[in-house]
Amino acid sequence: MTTTVLVVLPALIPVTGAVGYAVFGWRRATRWLGPAAAAALLATSIVLAAHVTREGSSATLGGLVRVDSLSAYMLIVIGAVAMLATSATPSYLDTEIRAKRATARTAARHNLLVQAFLTAMVAVVLAANLGALWVGVEATTIVTAFLVGHRRTRAAVEAAWKYVVIGSVGIAVAFLGVVLLNYASLHAGDAGLDWRALGDTAANLDPGVTRIAVALLIIGFGTKVGLAPLHAWLPDAHGQAPAPVSALMSGVLLAVAFYAILRVKVIADAALGVEFTRTLLAVLALATLVVAASLLLAQRDYKRMLAYSSMEHMGLIALGTAAGTQVAVTAVLLHILGHGLVKAVVFLGAGRVQQTTGSSLIEDVRGLVARQPLLAGCFGLGVLALVAMPPFSLFASGLGVVRAGYATGLGWATTAALVLVLVIGAALLTHTARMLLGAPREGPGTPGLVSPLPATTAVALVAGLGACAVIGIAPGPLAGLLEAAAALVGAS
Amino acid sequence: MTDISVQLLYLACGAFLLTAVLVVWRRELAAIIRLFALQGVALSGIAAVLAVHERSLEHAVLAAGICALRAVILPQVVRRALPPTGPARETRPLVNVAASLLAVAVLALLAYVVAQPLVQLSPSPVTRAIPVGLTVVLIGFFVLVTRRRAASQVIGFLLIDNGVTAVALLTTAEIPLVVELGVSLDVLLAVLVLQLLAVRMRATFGSTELDELTELRD
Chain A
1 MTTTVLVVLP ALIPVTGAVG YAVFGWRRAT RWLGPAAAAA LLATSIVLAA
51 HVTREGSSAT LGGLVRVDSL SAYMLIVIGA VAMLATSATP SYLDTEIRAK
101 RATARTAARH NLLVQAFLTA MVAVVLAANL GALWVGVEAT TIVTAFLVGH
151 RRTRAAVEAA WKYVVIGSVG IAVAFLGVVL LNYASLHAGD AGLDWRALGD
201 TAANLDPGVT RIAVALLIIG FGTKVGLAPL HAWLPDAHGQ APAPVSALMS
251 GVLLAVAFYA ILRVKVIADA ALGVEFTRTL LAVLALATLV VAASLLLAQR
301 DYKRMLAYSS MEHMGLIALG TAAGTQVAVT AVLLHILGHG LVKAVVFLGA
351 GRVQQTTGSS LIEDVRGLVA RQPLLAGCFG LGVLALVAMP PFSLFASGLG
401 VVRAGYATGL GWATTAALVL VLVIGAALLT HTARMLLGAP REGPGTPGLV
451 SPLPATTAVA LVAGLGACAV IGIAPGPLAG LLEAAAALVG AS
Chain B
1001 MTDISVQLLY LACGAFLLTA VLVVWRRELA AIIRLFALQG VALSGIAAVL
1051 AVHERSLEHA VLAAGICALR AVILPQVVRR ALPPTGPARE TRPLVNVAAS
1101 LLAVAVLALL AYVVAQPLVQ LSPSPVTRAI PVGLTVVLIG FFVLVTRRRA
1151 ASQVIGFLLI DNGVTAVALL TTAEIPLVVE LGVSLDVLLA VLVLQLLAVR
1201 MRATFGSTEL DELTELRD
């Protein structure tokens, strides 16, 4: 009984939040509904994770919902990043409303869509079969389309168009993969599309059909992860979406899509051996890193800069998954959480910078340290965390990925990735230094008095950085969950 | 499978493929949308033949659903995205007609090569038609990357989707009903979202030429 409630709660909480905003709109009483829902989601995820770890198995409900340690871990990632993003939302929206860029109606719609977005991501993680999982991933595209295009400017409409077209096509490719895997499964037993059963009976799957299906699934879901070659939507959508939504998209949506690849990898490795997914993922990872590095070098827009940095980290995560050992997958999962937290911090910071300077160009933001020391400090530390400075957890997990790469015969790919990561790190630091340091630009049009950083946003920024540092130094109770989750995916 | 039902199945598959080829050939958007609706009818024909063959009520319901969604509703939604004024043709196509048709032939060959393992897994008159579905998927991609109008891009996406549905039907795999419903709903919603965006695009850009989309470049 308690298990049933626990398994359904993570989906019910954001649904309740969405209904709340639909009924009551954006007013004083509902301002903190979003953060409250996110906090409840995080708390439920932690209880669920403890439950799954204690019982040592998975909690299921019918044939549709299943929670094992990997799903529980992903729920925690969703909850934690949602906490940060939604706590900064009220002050973000207040500023937008004061600047006449939003109204109470659009603010209510924003929150409604964000809660629906969270529901879709939770559904992906809870789904017990690949078909339902696919429906959840597609639903994320539909709900976020209007969040991306909310400004209705040329750039916003263009970004939303590209996002929906490329996202839908990618996901259609993934669906072809689902169909073919179902076909193979039909001739191998009665596993259907249930990923657990498919993983158990994978040895009977026809290798020829499974190979095509897995390639389509990885490339298709890879679209939503932002892996090359279907990555073109990512910088546009992240650049145009409101800051709290960019934080969610970059911090968790990409990771949730990658979760789908992890589930596919388990089936693929059992059916085809590890070499097939290893080669495919390593190629995609390197292509993604090359794209990110080449477009970061001369980047002029700081939100797009952060978007390309997300592609870099997804490339690293794909490389770690290509290595595929249990140690590698542990590093990958830790990287997902660390990247989610830090990326939320820097996107929220960037949103605040954009609101106070009125521009998203790097050259328009100069001497941020002098004008807004706290915001500049958080943004700077966040970028340092992104280039894998200790004590942030991205250092430990990045190191784990690289070591696993060398240990599994991916030497050339790992070396190439290291060089690209260094180039990307240098570009990120140079661009950020230009924003933070230097004399503030004088002259007409410069806002004289800058409003201080709202307290709730400041708390979210500091908390995100703090959490990332803490899990980098001592993962604590998270370690057990990480190990159990990695054991589900990692090859021995 | 009886001879007559095999004949009918291949007839429906042939019509399905032919409409996709004609979409590549034609340039007028109104004609393209009519062809797309016809393709929906052919697709529901495939489902209907399979329903009779397997005496399955579920397939029959599926055939009716496909007909309603892909032959009536989706073409209607795309038609609404067409500008009421202005040229309704592809005026400056990226690839000319002859080259396009040649490319389609190459894509069909590719689909037959790729589909070999799929047919060999369980050779039967039904599975031998799988390459047709894959060809339509590839043609959809081709339309998507070579057309400049917003509405033709949507048609490209829908061709891909029709092709995937055809493969799903021909592999005789029973996809769970929840998934089937979710997929149909998702496609409908995605197209509605795109239609709304096309309207906004016209409001801000004054046209739905995708060449105008040049704000976001690196």
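Just so you know, the sequences run in chain order A and B. With our numbering applied, the first sequence covers 1 to 492. With our numbering applied, the second sequence covers 1001 to 1218. We treat Cβ as the ideally placed atom computed from N, Cα and C, and that holds for glycine.
Could you check how far apart the C-beta atoms of residue i and residue j are, in whole angstroms? I think they sit under 8 Å.
i: A/Pro218; j: A/Leu280; result: In the sequence under discussion, the amino acid at residue 218 of chain A is Ile, which differs from the Pro named in the question. Right, their Cβ atoms sit about 6 Å apart.
i: A/Leu297; j: A/Ala427; result: 5 Å
i: B/Ile1139; j: B/Val1078; result: The pair is not a contact, with the Cβ atoms about 17 Å apart (cut-off 8 Å).
i: A/Leu6; j: A/Leu48; result: 5 Å
i: A/Ala104; j: A/Trp195; result: The Cβ separation is near 43 Å, so there is no contact.
i: A/Arg300; j: A/Leu361; result: 6 Å
i: A/Tyr495; j: A/Ala243; result: There is no way to answer for residue 495 of chain A, as the model of chain A reaches only from 1 to 492.
i: A/Trp233; j: A/Gly340; result: Contact flag wrong, Cβ pair sits at about 19 Å.
i: A/Ala484; j: A/Thr53; result: 6 Å
i: A/Gly398; j: A/Ala388; result: 4 Å
i: B/Val1199; j: A/Phe175; result: With a Cβ gap of about 27 Å, B/Val1199 and A/Phe175 do not count as contacting.
i: A/Val247; j: A/Val81; result: For the sequence presented, residue 247 of chain A should be read as Ala rather than Val. Confirmed, Cβ separation roughly 7 Å.
i: A/Gly333; j: A/Ala413; result: It is worth fixing the name first, because residue 333 of chain A is Leu in this sequence and not Gly. The Cβ separation is near 20 Å, so there is no contact.
i: A/Gly239; j: A/Lys303; result: 4 Å
i: A/Ile471; j: A/Leu461; result: About 17 Å; that fails the 8 Å criterion.
i: A/Ala458; j: A/Leu84; result: Going by Cβ atoms, the distance from A/Ala458 to A/Leu84 rounds to 12 Å, so no, they are not a contact pair.
i: A/Val122; j: A/Ala11; result: 5 Å
i: A/Leu481; j: A/Ala116; result: About 27 Å separates the two Cβ atoms, so there is no contact after all.
i: A/Val165; j: A/Tyr183; result: Not really, about 27 Å apart at Cβ, beyond 8 Å.
i: A/Val245; j: A/Val114; result: 7 Å
Identify the contact partners of residue i in chain B, using a Cβ-Cβ distance below 7 Å as the criterion.
i: A/Asp236; result: Leu1216
i: A/Leu556; result: Since the first and last residues shown for chain A are 1 and 492, residue 556 of chain A lies out of range.
i: A/Ser168; result: Phe1157, Ala1190
i: A/Val164; result: Ala1190, Val1193, Leu1194, Leu1197
i: A/Ala160; result: Leu1197
Chain B partners of residue i, CB-CB under 8 Å?
i: A/Gly149; result: Leu1197, Arg1200
i: A/His110; result: The contacting residues do not exist; A/His110 stays about 17 Å from chain B at best.
i: A/Ala145; result: Val1193, Leu1197
i: A/Tyr302; result: Result: empty, since nearest Cβ-Cβ is about 13 Å, beyond 8 Å.
i: A/Leu180; result: Leu1118, Val1167, Thr1171
i: A/Ile142; result: Asp1186, Leu1189, Ala1190, Val1193
Find the residues of chain A that neighbour residue i, judging by a C-beta separation of less than 9 Å, and give them in chain order.
i: B/Gly1182; result: Gly131, Ala132, Trp134, Val135, Gly136, Glu138, Ala139
i: B/Val1137; result: Ala172, Val173, Leu176
Can you pull the chain A residues whose beta carbon is under 8 Å from the beta carbon of residue i, in chain order?
i: B/Thr1204; result: Arg152, Thr153, Arg154, Val157
i: B/Gln1120; result: Gly208
Identify the contact partners of residue i in chain A, using a Cβ-Cβ distance below 7 Å as the criterion.
i: B/Val1077; result: The contacting residues do not exist; B/Val1077 stays about 14 Å from chain A at best.
Chain B partners of residue i, CB-CB under 9 Å?
i: A/Ile212; result: Val1114, Ala1115, Pro1117, Leu1118
i: A/His51; result: The contacting residues do not exist; A/His51 stays about 26 Å from chain B at best.
i: A/Trp412; result: The contacting residues do not exist; A/Trp412 stays about 28 Å from chain B at best.
i: A/His187; result: Leu1121, Ser1122
Discussion item. Across the region 1144-1164 of chain B and the region 1046-1061 of chain B, are there enough close Cβ pairs to call them in contact, namely three or more that are closer than 8 Å?
Written reply: no
Discussion item. Quick check for students: name the residue ranges of the beta strand (DSSP E) that lie wholly in the region 298-358 of chain A, counting only runs of 3 or more.
Written reply: none
Fill in: Stretch-stretch touch, CB-based, cutoff 8 Å, three pairs: the region 406-416 of chain A with the region 316-330 of chain A
yes
Discussion item. Give me the subset of the region 1184-1201 of chain B whose CB atoms are less than 7 Å from a CB atom of chain A, sorted by chain position.
Written reply: Asp1186, Leu1189, Ala1190, Val1193, Leu1194, Leu1197, Arg1200, Met1201
Worksheet item: Looking at C-beta atoms only, is the number of pairs between the region 390-407 of chain A and the region 250-270 of chain A that lie closer than 8 Å three or more?
Response: no
Worksheet entry | Three or more C-beta pairs below 8 Å linking the region 414-434 of chain A and the region 287-294 of chain A | yes
Worksheet entry | Ordered list of alpha helix (DSSP H) runs contained in the region 1037-1109 of chain B, each at least 4 residues | 1057-1066, 1074-1081
Item to complete: Within the region 11-35 of chain A, note down every full beta strand (DSSP E) run reaching 3 residues or more, in order along the chain.
Response: none
Worksheet entry | Meets three-Cβ-pair contact criterion under 8 Å: the region 342-352 of chain A and the region 265-276 of chain A | no
Worksheet item: Can we say the region 77-95 of chain A touches the region 220-234 of chain A, given the rule of at least three CB pairs closer than 8 Å?
Response: no
Worksheet entry | Inter-stretch contact at 8 Å, needing at least 3 Cβ pairs: the region 1188-1204 of chain B / the region 154-161 of chain A | yes
Fill in: Meets three-Cβ-pair contact criterion under 8 Å: the region 1126-1139 of chain B and the region 126-142 of chain A
no
Discussion item. Please identify, using Cβ separations under 9 Å, the residues of the region 1101-1119 of chain B that lie next to chain A, in order along the chain.
Written reply: Val1114, Ala1115, Gln1116, Pro1117, Leu1118
Worksheet item: Any contact of the region 1064-1077 of chain B with the region 1033-1045 of chain B, i.e. 3+ C-beta pairs under 8 Å?
Response: yes
Discussion item. Does the structure place the region 72-79 of chain A close enough to the region 36-47 of chain A that three or more beta carbon pairs sit under 8 Å?
Written reply: yes
Practice prompt. Indicate whether the contact test is met: 3 or more Cβ pairs, each with one atom in the region 1134-1148 of chain B and one in the region 1094-1113 of chain B, closer than 8 Å.
Written response: yes
Fill in: Every unbroken alpha helix (DSSP H) inside the region 172-256 of chain A [4 residues or more]
195-200, 207-225, 233-240, 243-248
Practice prompt. May I ask you to list, following chain order, the residues of the region 13-41 of chain A that have a beta carbon less than 9 Å from some beta carbon of chain B?
Written response: none
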